[in-house]
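Protein chains in written order, with this note's numbering: chain A, 486 to 891; chain B, 17 to 134. Where is the CB? At the ideal position from N, CA and C, for every residue including glycine. A quick note: this is a predicted structure, and the numbers were derived from the prediction, not measured.
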Amino acid sequence: MKTVLKIALGIIAALGGFLDIGDIVFNTQAGALFRYDLLWAVVLGTLGIAVYAEMCGRVAAVTGRPVFDVIRMRLGFGLGLAALIASTAVNLLTVAAELGGLAIVLQLLFDAEFSLFVVLAAIGLVIVVALLPFGGIERLFGYCGLLMIVFVATAINQGPDWGAVAQGFVPSLSSSTLYLYFVVGVFAAALMPYEVHFYSSGAVEEHWDESSLKENRLNAIIGYALGGVLACSLVVVSGYLFHPVGVDPSDLGTAALPAQNAYGETGLLLALGGIMFCVGGAAVDSSFSASYNLAQFLGWEWGRYRGPKKAPRFTASWLVFLFLAMLVVLSGINPVEITEYSVVFAVVALPMTYLPVLMIAGDRSFMGDHANGPISRTLGWTYFALILVLALAALPLLLATNGGGG
Amino acid sequence: MNREPLSVAHRLLDEQILDSEGRRCGRVDDIELRGNPPRITALLVGEGLYPRRLPARLRGLARRLAGPERWGANALRIPWEEVDEIGASVVLRGKAEELGLGAADNPERWLVRRLPWN
């Protein structure tokens, strides 16, 4: 029993940062616009991140190499540098989006000036990182992010037409560019690249070795299944409440309203709390990822476990990334808009992250017996092909739909 | 070191370098070959070498941004004899400071060393 609990807690900690502002924005809007029709895209994206996270975690456990270590090894300096620049730009936009989201939630909870909360949110994250060790940071955001379960409860409480919900899991395409834009958005929001950057670097931070492979597999299967349920519940509650009345949930606060509708003020507070910890965790994950990538590509010492004294360049770059993201939010661009750009540009940068991972994970000279088996290989390359198609479609769709504005 | 054949481009170039104490202190940015038949005589490390790793069209621009290669400063030569092991990373026999590697991670240079999360 004790080990089961320990495993469960580990899985939940690893789940922190999976649901982020991208999922909340895209899934809520997808529900409002297309009711339950896009649930299949959520499942497709969640399965994709599970496949790649498992692979990245396995590579990190067996070889001690996180993602950008692998990218430099397989793409070389020139192409690797292009991947680094693209990923850093996307990660920076993501940090800005999460920070903005955090500030919006704080503003809804304690009514005051938005820009004040942006600065307070950034300072708060620095304090959390300063006070807690790596595992503690993961646990704080992972456990508290579970407040999002209020959306699952809300979905059940609403009692939607479950037949219609089930129909949503059957993939369907339509010629509407707005629909296709949301297919890409919902899929990509689940597959944000910072998640695997962070997850694989975290494996090194926590000294994973081959004995951690079981934990890695459980994180991928059970953790992401739970994450997928939470992500689907966002679509369902929004589809139930907003779709019939044609509400456009263009700000983050609207995403929490279904919980208020079901459970009153308590529901609202739980939902806002859940969003706050998810988005806060994602802000930490994505800002760490930006510094992990830079340090790993250039061969610097890195890691929260090393501390600023042993890894000063890593620490300084983290503070710089956080500061730059803060400036982006303070520039006055709507965080929801930043979110949409970060998700769409992430799709474009995804292939460069995933190709080297696939190459190393399948390479027996590195991985020995833990190289990709037939299942991982088939799923990995199928998803890679899918990601390539979406990467080509993402920007035209963004332009054609005017950023999802229709 | 074991004597099994090793693909240089596959397992050596761009690899992470660790010193004898496990400190990460750079990557194999280039490899020096000498003699006939050519033998690896040194690993070359440092940001001054980055421009030569870029495609020819970008090299001029990168050189102008990064400045020239200055041996002993932004481009270091690690003699092959210093290499202890090539496994998951390239492990050196000596400490990073003695070889001049990872000097930019010297805490004395950085204010962040005083941050409380050490």
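Shorter than 8 Å from the beta carbon of residue i to some beta carbon of chain B?
i      : result
A:F562 : yes
A:E690 : no
A:V821 : no
A:L804 : yes
A:R798 : yes
A:K794 : yes
A:R862 : no
A:D554 : yes
A:E623 : no
A:L532 : no
A:G853 : no
A:W525 : no
Residues bridged to residue i by DSSP?
i      : result
B:E101 : B:V107
B:I47  : B:L59
B:W133 : For B:W133, which the question treats as bridged, DSSP gives no partner whatsoever.
B:R40  : B:L34
B:A119 : B:A119 pairs with nothing; no bridge assigned.
B:P10  : Since the first residue of chain B shown is 17 and the last is 134, residue 10 of chain B is not available in this structure.
B:L92  : B:V61
Can you name, in chain order, every residue of its own chain whose Cβ lies under 8 Å from the Cβ of residue i, other than the five neighbours on each side?
i      : result
B:M17  : For B:M17, the predicted model reports a pLDDT of 48, less than 50, meaning its position is unreliable and no value from the coordinates is stated.
A:P729 : none
A:S772 : N576, V580, L610, W803, F806, L807 and A810
A:L880 : V829 and V833
A:F667 : F511, Q514, A515, L518, F519, L523, A526 and G889
A:K795 : E786
B:L70  : A78
A:V528 : F654, G713 and C717
Sort the options by Cα distance to residue i and report the nearest one.
i      : options                           : result
A:A834 : A:V547, A:W803, A:L676 and A:E786 : A:L676
A:V555 : A:S827, A:I860, A:A846 and A:G858 : A:A846
A:L584 : A:L610, A:L569 and A:F595         : A:L610
A:L754 : A:T739, A:I823 and A:I622         : A:T739
B:G83  : B:L92, B:P71, B:R93 and B:P67     : B:P67
A:D505 : A:V732, A:F799, A:A716 and A:W785 : A:A716
A:G542 : A:R798, A:I589, A:L658 and A:L843 : A:L843
A:V722 : A:D848, A:T867 and A:I509         : A:I509
A:A546 : A:A870, A:G530 and A:D854         : A:D854
A:A885 : A:T800, A:V635 and A:S661         : A:S661
A:A433 : A:Q592, A:S686, A:L587 and A:A649 : Residue coverage of chain A in this structure runs from 486 to 891, which leaves residue 433 of chain A outside it and unanswerable.
A:Q643 : A:A767, A:A673 and A:V720         : A:V720
A:V714 : A:G648, A:E680, A:I818 and A:F654 : A:F654
A:M540 : A:N887, A:T863 and A:L873         : A:T863
A:L578 : A:M633, A:I612, A:A767 and A:I707 : A:A767
B:A25  : B:A119, B:V44 and B:G76           : B:V44
B:R39  : B:L117, B:E124 and B:P53          : B:L117
A:V681 : A:V528, A:D848, A:Y777 and A:G792 : A:Y777
A:G648 : A:G731, A:Y725, A:S861 and A:R559 : A:Y725
B:C41  : B:R129, B:A119, B:W126 and B:P53  : B:A119
A:W866 : A:D848, A:L840 and A:L882         : A:L840
Does the beta carbon of residue i come closer than 8 Å to any beta carbon on chain A?
i      : result
B:I102 : no
B:E31  : yes
B:P54  : no
B:R93  : no
B:D35  : no
B:L70  : yes
B:P132 : yes
B:A120 : yes
B:R109 : no
B:R43  : yes
B:M17  : Interpretation of B:M17 is limited by its pLDDT of 48, a score under 50 that renders its predicted location unreliable; the figure taken from the coordinates is listed afterwards. Not an interface residue.
Can you give me the Cβ contacts of residue i inside the same chain, cut-off strictly under 6 Å, excluding the 5 residues immediately before and after it?
i      : result
A:G627 : I497, A498, L500 and G501
A:A571 : A834
A:S697 : A546
B:D46  : L60 and L65
A:F762 : F626, C629 and G630
A:L875 : V669 and V832
A:Q592 : F599 and F602
B:T57  : E48, R50 and W96
A:V604 : none
A:T639 : V722, P743, A744 and A747
If you drop the 5 nearest sequence neighbours on each side, which residues of the same chain put their C-beta closer than 7 Å to that of residue i?
i      : result
A:Y664 : F519
A:S735 : V821
A:L494 : none
A:Y790 : F619 and E690
Kindly indicate if chain E contains any beta-carbon less than 8 Å away from that of residue i.
i      : result
A:R849 : Among the protein chains in the structure shown, which are A and B, there is no chain E.
The ligand ZN heavy atoms versus the CB of residue i: any closer than 7 Å?
i      : result
A:F654 : With respect to the ligand ZN, the structure shown offers nothing to examine, as it has no ligands at all.
Length-filtered (4 minimum) alpha helix (DSSP H) runs lying within the region 847-873 of chain A: Qualifying alpha helix (DSSP H) stretches, in chain order: 849-852.
Every unbroken alpha helix (DSSP H) inside the region 514-580 of chain A [4 residues or more]: 524-548
Contiguous alpha helix (DSSP H) assignments of at least 4 residues, all confined to the region 735-816 of chain A: 737-783, 792-795 and 797-815
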